[in-house]
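Residue numbers (our numbering): 363 to 963. A short worksheet on the structure shown next.
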């Protein structure tokens, strides 16, 4: 049966009415997600986790005390301020000083607030050096507030540069080595206010210079600090087209960028929250996966580095309107091809959009098609899910999945869902006007939710071990990244919480599980090697990963590629396909070590 067209207004109206009826019928004023089922310690689960696997919260021990603050907007929004000002907690991983130890950059979103750059000392501790190097005082009144960051060597000089996206004027900081960072925002074609919630470095035309995709939420004519109208919210909860314009900044190779989004086919004005890039067609040019709130996800096929063609319906990814909040790529089944994860809303008894996990199911004229297996694998009901990452948490050779949850957690567990439903089923003029939204009054909207951890059972399934991970469900998770912070050959988990602390979970993996890592440097390709694919071959199987230029919601993970190997640590070969198209093969590489690889000439 063919899915309903995403442009069918009458069908969309009935869908909204049905959703509203379910909401009203389910009115359970205390409706909140229950904590995941108690962690089972039976033989099957123990076999998946591996003896000795655990995560420990060590943020304070490591000297990381950062706490995010939300933006304070137009005073007329005060009754629903937590809903409107619900974004901005973000974290990215970078080795900004090239000393071999990953550092962390965290954003806050209050005017006058300082972002933090935690330099990894290499002895287990971190120091906030953001003020010293010039990337702390970035939320100056009149310039907007931080929403996230991505790092990439845009000028190919060997240092990682910082792009800070904001509700306001975005900023580019050039890394000048020991002398710190210099703001060079004039290099951009973007000089005014935008409402960006995602950015991805990628070399879309394979010319050796990093380009930048920037995705926006609100339209840029809105001034959230001084509203001239209260009718600025989405026109629909499923078919909204009144959001911000997305941008594509083409790197000209001389230190400047040209905005080419519209002429490259990126004309959507949906409400974008996240994006990811990866070569899904195998032609060497990366595609764009865009997760949109209040509508369908969009998959843009890269047509030879010249333009993009939106193929969401064609690939099945854009069939059903939901509330997309995350875009992540991962080779979950060790088949050497990408699975795509887009997070959505799940509130038992109230609303079940459910997360999407897309596996490749076929191909037509070089364009892949996908089927959604989230329900079959049990990862659809995550919660009100924002950030997500694929990562081999226990080094068993199979990717796992971690997601962070919670929208707005009020002081108690009273629910705002009933009032929310009354707006959701209204005419566009009701939905879009903030004056029509009932006051929150300290209530929760899908708040007090726990983050979720699913381990790969190595047989095509995922098993929830969330209850075994320490945590506090009072926090509203936004961004999550993974990084080997202590260079031990194990991936740690870092979580940015809205109006909450930056959490650092240090991993303990089974001593018998081996690993291998790759730290890549481009020559003909961009210096950061963003977009390089690494395929590991062993025992008739393969594992695929890529160098990331921004992934998940408001996040960028460790640039270094990490593979778990399990107890059988033998590796037959590793093949690297660089963004330039050059391929490089390493035979029988040493395990339990990080390999630094420079692109061959």
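For each residue, glycine too, the CB sits at the ideal point set by N, CA and C. As the structure is a computational prediction, the values presented were derived from the model and not from experiment.
- Between residue 620 and the set 883, 445, 573, the nearest pair of CA atoms involves 573.
- No residue range can be given for residue 699, since it is assigned to no alpha helix (DSSP H) and is classified by DSSP as neither H nor E.
- Distance from the CA atom of residue 824 to the CA atom of residue 707, rounded to whole angstroms, is 19 Å.
- In the three-state reduction of the DSSP assignment, residue 859 falls in the strand class, which pools E and B.
- Restricting attention to alpha helix (DSSP H) runs no shorter than 4 residues, the segment 775-812 encloses them at 779-786, 790-794, ordered along the chain.
- For the segment 826-852, the full-length beta strand (DSSP E) segments reaching 3 residues or more read 838-845 along the chain.
- DSSP, reduced to helix, strand and coil, places residue 492 within a helical segment of the structure shown.
- Apart from sequence neighbours up to five positions away, the residues of its chain that approach residue 678 with a beta-carbon distance below 6 Å are 731, 732, ordered along the chain.
- In this structure, DSSP gives residue 431 a state outside helix and strand, which the three-state scheme calls coil.
- Here residue 630 is buried. Its C-beta has 16 or more other C-beta atoms within 10 Å.
- A distance below 6 Å between beta-carbons, with the five flanking residues on each side excluded, links residue 759 to the following residues of its chain, in chain order: 926, 927, 928.
- In the three-state reduction of the DSSP assignment, residue 955 falls in the coil class.
- Contact between residue 686 and residue 723 does not hold, since the beta-carbon distance rounds to 20 Å and is not under 8 Å.
- The beta carbon of residue 654 sits closer than 6 Å to those of 632, 633, 634, 686, all from its chain and outside the five residues before and after it, given in chain order.
- Membership of residue 948 in the beta strand (DSSP E) is indicated by the continuous run 945-949.
- Secondary structure at residue 547: helix, using DSSP grouped into helix, strand and coil.
- Around the CB of residue 460, fewer than 16 other CB atoms lie within 10 Å, so the residue is classed as exposed.
- Under the criterion of beta carbons closer than 8 Å, residue 510 and residue 916 qualify as touching, at roughly 4 Å.
- Between the alpha carbons of residue 809 and residue 769 lies a gap of roughly 5 Å.
- Counting the other Cβ atoms within 10 Å of the Cβ of residue 887 gives 16 or more, which makes it buried.
- Taking a 10 Å sphere around the C-beta of residue 709, we find 16 or more other C-beta atoms and assign the residue as buried.
- Residue 890 sits in coil when the DSSP states are folded into three classes, being neither helix nor strand.
- Taking 8 Å as the cut-off, the beta carbon of residue 950 is found no closer than this to the beta carbon of residue 923.
- Remark: C-beta atoms of residue 524 and residue 543 approach each other more closely than 8 Å.
- With 16 or more other CB atoms across the displayed protein chains lying within 10 angstroms of its CB, residue 522 is buried.
- Taking a C-beta distance under 8 Å as the contact criterion, residue 805 and residue 767 do not qualify as a contact pair.
- Only buried fits residue 875, as 16 or more other CB atoms lie within 10 angstroms of its CB.
- Relative to residue 646, the option among 945, 954, 957 whose CA is nearest is 945.
- Annotation: residue 674 to residue 701 spans about 15 Å, alpha carbon to alpha carbon.
- Taking the Cβ atoms as the reference, residue 604 lies roughly 15 Å from residue 577, outside the contact range of under 8 Å.
- Under a 10 Å Cβ-count criterion, residue 773 is classified as exposed, with fewer than 16 other Cβ atoms of the shown protein chains found around its own Cβ.
- Rounded to whole angstroms, residue 765 and residue 833 show a C-alpha spacing of 13 Å.
- Within the same chain, Cβ atoms closer than 7 Å to the Cβ of residue 816 are found at 741, 762, 763, 824, 825, 826, the five residues on either side in sequence being excluded.
- For the beta strand (DSSP E) assignment, the uninterrupted runs of no fewer than 3 residues enclosed by the segment 665-734 are, from N- to C-terminal side, 670-672, 690-692, 701-704, 718-726, 729-734.
- Residue pairing by DSSP puts residue 481 in a beta bridge opposite 489.
- Look at the beta carbons and you see the segment 845-852 not touching the segment 789-804: under three pairs across the two are nearer than 8 Å.
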